[in-house]
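Asker:
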Amino acid sequence: MSDEIGVAVLGLGNVGSQVVRIIEESAADLTARIGAPLVIRGIGVRRVDADRGVPVGLLTDDIEALVSRDDVDIVVELMGPVEPARKAILAALEQGKSVVTANKALMAVSAGKLAEAAEKAHVDLYFEAAVAGAIPVIRPLTQSLAGDTVLRVAGIVNGTTNYILSEMDSTGADYSSALADASALGYAEADPTADVEGYDAAAKAAILASIAFHTRVTADDVYREGITKVSAADFASARALGCTIKLLAICERLTTGKGKQQVSARVYPALVPLEHPLASVNGAFNAVVVEAEAAGRLMFYGQGAGGAPTASAVLGDLVMAARNRVQGGRGPRESKYAKLPVAPIGVIPTRYYVNMNVADRPGVLSAVSAEFSKREVSIAEVRQEGMVDEEGQRCGARIVVVTHQATDAALSETVAALADLDVVQSINSVLRMEGTSE
Ligand code: NAP
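For the sequence shown, numbering that gives the first Met the number 0 puts the final residue at 437, and the numbers step up evenly by one.
(1) Starting from Ile73, follow the beta strand (DSSP E) in both directions and report where the run begins and ends.
(2) Say whether the stretch 371–388 touches the stretch 401–413, bearing in mind that this needs 3 or more beta-carbon pairs closer than 8 Å, one atom from each stretch.
(3) Kindly confirm or deny that the stretch 351–368 and the stretch 423–434 touch, where touching means at least three C-beta pairs closer than 8 Å.
(4) Contact defined as beta carbons within less than 8 Å: I believe Val266 pairs with Ala342. What is the distance between those atoms, to the nearest angstrom?
(5) Measure the beta-carbon distance from Ala208 to Val262 and round it to whole angstroms, keeping in mind my assumption that it falls under 8 Å.
(6) Determine the contact status of Ala26 and Leu140, defining contact as a CB-CB distance below 7 Å.
(7) Starting from Val414, follow the alpha helix (DSSP H) in both directions and report where the run begins and ends.
(8) Is any non-hydrogen atom of the ligand NAP found closer than 6 Å to the C-beta of Arg45, if you look at the structure I gave you?
(9) Indicate the three-state DSSP secondary structure (helix, strand or coil) for Asn427 in the structure shown.
(10) Can the beta-carbon of Val98 be found closer than 7 Å to that of Leu92?
(11) State the start and end residues of the unbroken beta strand (DSSP E) segment that holds Glu380.
(12) Evaluate contact between the stretch 284–291 and the stretch 147–154, counting only Cβ atoms and requiring at least three cross-stretch pairs below 8 Å.
(13) Among all the DSSP beta bridges, which residues are the ones paired with Ile42?
(14) Spatial neighbours of Gly79 within its chain, please: CB distance less than 6 Å, with the 5 preceding and 5 following residues excluded, ordered by chain position.
(15) If you draw a straight line from the C-alpha of Gln383 to the C-alpha of Val367, how long is it?
(16) Determine the DSSP secondary structure at Thr435, reduced to helix, strand or coil.
(17) Does the ligand NAP have even one heavy atom less than 6 Å from the beta-carbon of Met106?
(18) Taking the alpha-carbon positions, what's the Ser175 to Val376 distance?
(19) Looking at Val108 and Thr217, is the spacing between their C-beta atoms short of 7 Å?
(20) Find the nearest neighbour of Ala321 within the set Ile163, Ala87, Ala35, judged by alpha-carbon distance.
(21) How about Leu314 and Ile21: are their beta carbons less than 7 Å apart?
(22) For the ligand NAP, is there a heavy atom less than 6 Å away from the beta-carbon of Met167?
(23) Checking the sheet assignment: what are the DSSP bridge partners for Phe299?
(24) As a quick exercise: from Val38, Gly12, Asn13, pick the residue whose alpha carbon is nearest that of Glu24.
(25) Let me confirm a value: Gln17 is counted as buried when at least 16 other C-beta atoms fall within 10 Å, else exposed. Which label applies?
(26) For chain D, find out if any of its Cβ atoms is closer than 7 Å to the Cβ of Tyr300; answer yes or no.
(27) Shorter than 6 Å, the distance from the beta carbon of Ala101 to the closest heavy atom of the ligand NAP, or not?
(28) Which of the three DSSP states is assigned to Gly362 in this structure?
(29) How is Pro80 classed by DSSP in three states: helix, strand or coil?
(30) Going by beta carbon distance, what residues of the same chain come within less than 6 Å of His275, once the five residues before and after it are set aside?
(31) Tell me whether Gly395 sits in a helix, a strand or coil according to DSSP, three-state version.
In structure tokens, the structure reads:
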């Protein structure tokens, strides 16, 4: 049995408190698995005087001093957000400590700098919990699929938005009342912007794309749309088309016409056919589908957030980092050799769903279809229904157009031209359709 492995835990909130609990409750098993006992040297918090259920002597608000202690071998960062976490992690790495973090916001903007610091100090930097909570997805991508070529990673990686969209689908609720329900049940934060505007999912897409394609992709490279404009009418139309609507994070390897490889990373709400595996991922659950050249399609499903599930992923990383300390050596380093360019959203081909209100008179459909065909956007399906006003008088029609694959640039031009047509009263929504190949 080796000497103790000293651990500093930064943060004792939802995740940190569960990590500390598991380290204490499973001490004997963890010692056997690692080959040395894990000993918590200190826990960094803001409020040292609050009652935490841990020995008061372990608590400190001096993060810098805790990270710098000679008897700390591994720092587990569970404070969020970007600062002061970045400063603490960099200090830890520079002093030769391995680091485990669940901080997706930080990893999405600073993974490169942190990986370089880890490389220089020959220590580990692990972040399995930063994407999809308990679900193992970083390690399968970096290790299990290290010999394969990943083509696509598509997932539901934000539980809050998935809960809201699942509610809208199953109850017919509109966005505001589904958000209010999510807040009342604790699934949405007081300020839900990071979730509902897609920032959280974009951070995870950046991390996934970087790992899957051996290329540095940051949150700023990820095209992002949130779910705030998805309406109950969109769900009704989606159902009529045999689909539901999900907020997807998509990372894709693309080959241009000239045979050059690019990557795409994007987050948006999309229609997904009910038979697609992601369509049945409901509530606060997450799922990630990976498609690799030799392996084919793999699916990872489970709890994407929550104190204990996230702590499970953190503990997995902590055990790996501790084993490396005991046995010598390191886990896999950052792999960025491919350096693929990130494709702009304009060139990405997807199918589209366009929902618009039009005048109820002859020739409208042909005027609408002409705008699509002028830009070579091929129409796969059109649905039209009459609308009546409060007095029961006919007041126009709603047209839903589903296209075959078209580029974002061609579709955006088409939508702008449609909006200028006299016969189009309003463009109600434009959503992409994923999970079909046409
Ligand atoms: P949390 O409940 O808000 O806890 C944050 C903890 O960090 C608190 O104990 C807080 O101290 C401490 N802290 C914050 N700023 C600090 C500072 N400047 N100095 C010292 N201590 C500080 O957060 P959480 O939900 O556990 O999340 C932690 C991390 O895990 C975040 O990066 C988050 O994105 C990530 N994550 C969370 C989940 C999840 O389900 N919660 C899932 C995946 C990843 P006080 O207690 O004194 O305020």
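Glycine residues also receive a C-beta, built at the ideal position from the N, C-alpha and C atoms. Remember, it's a predicted structure, so these values are computed and weren't measured experimentally.
Answerer: If we stick to the structure as given:
(1) By 1-based counting over the sequence shown, the position of residue 73 is 74. It spans 73–76 - the beta strand (DSSP E) in which Ile73 sits, taken as one unbroken run.
(2) yes
(3) yes
(4) Residue 266 sits at position 267 when you count from the first residue of the sequence shown. Residue 342 sits at position 343 when you count from the first residue of the sequence shown. That belief does not hold up - the Cβ atoms of Val266 and Ala342 are roughly 15 Å apart, past 8 Å.
(5) As a position in the sequence shown, residue 208 is number 209, starting the count at 1. As a position in the sequence shown, residue 262 is number 263, starting the count at 1. About 6 Å separates the two Cβ atoms, so the contact holds.
(6) Residue 26 sits at position 27 when you count from the first residue of the sequence shown. Residue 140 sits at position 141 when you count from the first residue of the sequence shown. No, these two residues do not count as a Cβ contact at 7 Å.
(7) Stepping through the sequence shown from its first residue, residue 414 is reached at position 415. Start and end: 407–419.
(8) Along the sequence shown, one-based indexing puts residue 45 at 46. Checking every heavy atom of the ligand NAP against the Cβ of Arg45, one is found closer than 6 Å.
(9) Here residue 427 refers to the residue found at position 428 when the sequence shown is read from its first residue. Looking at Asn427 - three-state DSSP - the assignment turns out to be strand.
(10) Numbered from 1 along the sequence shown, position 99 holds the residue referred to as residue 98. Numbered from 1 along the sequence shown, position 93 holds the residue referred to as residue 92. Taking 7 Å as the Cβ cut-off, Val98 and Leu92 qualify as a contacting pair.
(11) For the purposes of this step, residue 380 is identified with residue 381 of the sequence shown, where counting begins at 1. Glu380 -> beta strand (DSSP E) spans 378–387.
(12) yes
(13) Counting from one through the sequence shown, the residue named residue 42 turns up at place 43. Val8, Leu58, per the DSSP bridge assignment.
(14) Locating residue 79 in the sequence shown gives position 80, counting from the first residue. Hits under 6 Å: Asn102.
(15) Reading the sequence shown from its first residue, position 384 is the one you call residue 383. Reading the sequence shown from its first residue, position 368 is the one you call residue 367. Going by the C-alpha atoms only, they are around 12 Å apart.
(16) Position 436 of the sequence shown, counted from the start, is the residue given in the question as residue 435. Thr435 falls in the coil class under three-state DSSP.
(17) Taking the sequence shown and counting its residues from 1, one reaches residue 106 at position 107. No, Cβ of Met106 sits at least 6 Å from all heavy atoms of the ligand NAP.
(18) Within the sequence shown, numbered from 1, the residue matching residue 175 stands at position 176. Within the sequence shown, numbered from 1, the residue matching residue 376 stands at position 377. Rounded to whole angstroms, Ser175 to Val376 spans 33 Å at the Cα level.
(19) Position 218 of the sequence shown, counting from 1, holds the residue named residue 217. Position 109 of the sequence shown, counting from 1, holds the residue named residue 108. Yes.
(20) Here the question's residue 321 lines up with position 322 in the sequence shown. It is Ala35 whose Cα lies nearest to the Cα of Ala321.
(21) Translated into the one-based positions of the sequence shown, residue 314 becomes position 315. Translated into the one-based positions of the sequence shown, residue 21 becomes position 22. A contact, by the Cβ cut-off of 7 Å.
(22) Taking the first residue of the sequence shown as 1, we reach residue 167 at position 168. Every heavy atom of the ligand NAP is 6 Å or more from the Cβ of Met167, so no.
(23) Residue 299 sits at position 300 when you count from the first residue of the sequence shown. For Phe299, which the question treats as bridged, DSSP gives the partners Val287.
(24) As a working note, residue 24 is residue 25 in the sequence shown. It is Val38.
(25) Working through the sequence shown from its first residue, we reach residue 17 at position 18. The residue in question, Gln17, is buried, as its Cβ has 16 or more Cβ neighbours within 10 Å.
(26) Included in the structure is just one protein chain, with no chain D present.
(27) The residue you call residue 101 lines up with position 102 of the sequence shown. Correct: Ala101 has its Cβ closer than 6 Å to the ligand NAP.
(28) Numbered from 1 along the sequence shown, position 363 holds the residue referred to as residue 362. Three-state result, Gly362: coil.
(29) Working through the sequence shown from its first residue, we reach residue 80 at position 81. Pro80: coil per DSSP, three-state reduction.
(30) Counting from one through the sequence shown, the residue named residue 275 turns up at place 276. Taken in chain order, the residues that qualify are Gly434.
(31) Start at 1 with the first residue of the sequence shown, and residue 395 comes out as number 396. Of the three classes helix, strand and coil, the one that applies to Gly395 here is strand, per DSSP.
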